[in-house]
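What the sequence shown shows, in our numbering, is residues 1422 to 1692, in sequence order.
Ideal placement from N, C-alpha and C gives every residue a C-beta, glycine not left out.
Single-structure report; data block below.
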Amino acid sequence: VLVCIAHKAVGHPVFATSKSFAINVLNEDQKAASGIFASKAADKFAAVAWRPGRTGSPVLDGSVASFDCDMERLVNAGDHSILIGRVRDFEHNSAQPLGYCRGAYVAPGLSQDALAATQPGTDVGAILENGGRILFLETADGFELPRGRGLGAAGDGKSLRGVLAARAIEAKLGFLFAVWDDARDVSRTHVYYRGTFDVPASSDRGIRLVEIHAIEELKIADPAIRSMLARYVKECSVDAFGVYVGNDVEGEVRPLARTAGSTAPTTGDQR
């Protein structure tokens, strides 16, 4: 990997003589940390939580991803230096990253608040992951993902947030994963997000944590949900996710980022 640092940057002399460095991708809740590192503070790491990585370079707590690197080469490029690093350790999670564009922070996911305001009757659910396990709710009919009528608030027991709050589940919704209408009733819309959760203190209230590779063995009544989860398992294996748009019979998966040589979106179910 490579990163460019301006010669006038306060930390440039340190990077220019270091044998290693780490790249940290901040999550959407780390705006304060971003501000600290954008400032001229002499000791930026004194104000944030971090730990030494494999090379000894600082890895920030809560980062969406981190690349711990040996310094492979330093290249002067005008008023910048290009640091080329050989990655020795890599960590990542499914939290939403912090973006910055044209002087303001941006969230790459779709706005859940907008969804809550404009479509309160929409069936909203989430695929919530923690350490390779997915959160399900076990019922008399089998297993279900957490879902509710609209995103709602924690005090609304019929909404997604209400369903989670009633079971003491702390969750963060991230990127949109699927949107579809019922083929027989176009007034019914289903929206599912990817996200993360903190493991509950107990498995009461029907909470079940299932390893990703074991999902296909579960009894899931809704064929559209089964299809969506089959796609989730497949996309997890290559760490490349898309967004399904269509109905419960046919649609297309639109990649979040198209790479060179990638094909057009495929039609059909979510598999």
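Taking buried to mean at least 16 other C-beta atoms within 10 Å of its own C-beta, is Y1521 buried or exposed?
-> Your numbering for residue 1521 matches position 100 in the sequence shown. Exposed is the call here.
Cut-off 7 Å between Cβ atoms - residues of its own chain near T1539, not counting five sequence neighbours on either side = Mapped onto the sequence shown, residue 1539 falls at position 118. Below a pLDDT of 50, predicted positions are generally treated as unreliable, and T1539, at 49, falls in that range; no measurement from the model is reported.
Where G1663 falls, given that 16 or more other Cβ within 10 Å makes a residue buried = Position 242 of the sequence shown, counting from 1, holds the residue named residue 1663. Burial call: buried.
Would you grab the beta carbon distance between I1590 and F1618 for me? Rounded to a whole angstrom, and I think it's under 8 Å.
-> Counting from 1 along the sequence shown, the entry for residue 1590 is found at position 169. Counting from 1 along the sequence shown, the entry for residue 1618 is found at position 197. With 8 Å as the limit, I1590 and F1618 qualify as a contact, their Cβ atoms being about 6 Å apart.
By how many angstroms is the C-alpha of G1474 removed from the C-alpha of D1771?
-> Here the chain covers residues 1422 to 1692 and nothing more, so residue 1771 does not appear.
Segment limits, alpha helix (DSSP H) that includes K1655 | Counting from 1 along the sequence shown, the entry for residue 1655 is found at position 234. Where K1655 is concerned, the enclosing alpha helix (DSSP H) stretches over 1644-1659.
Contact set for H1611: own chain, Cβ-Cβ below 6 Å, skip 5 residues either direction = Working through the sequence shown from its first residue, we reach residue 1611 at position 190. Same-chain partners within the cutoff: D1544, W1601.
K1440 - containing alpha helix (DSSP H), residue span | On the sequence shown, residue 1440 is found 19 positions in, with the first residue counted as 1. Per DSSP, K1440 belongs to no alpha helix (DSSP H) and is neither H nor E.
Test item: CB-CB of P1455 and L1549 under 8 Å = By 1-based counting over the sequence shown, the position of residue 1455 is 34. By 1-based counting over the sequence shown, the position of residue 1549 is 128. In the sequence as presented, Pro is not what sits at residue 1455; that position holds Ser. No, the pair does not count as a contact, with Cβ atoms beyond the cut-off.
Taking all protein chains shown into account, decide if V1431 is buried (16 or more other Cβ within 10 angstroms of its Cβ) or exposed.
-> Start at 1 with the first residue of the sequence shown, and residue 1431 comes out as number 10. With fewer than 16 neighbouring CB atoms inside 10 Å of its own CB, V1431 falls in the exposed class.
Reference D1411, options S1608, A1498, G1553, closest by Cα | There is simply no residue 1411 to check, as the chain begins at 1422 and stops at 1692 in what is shown.
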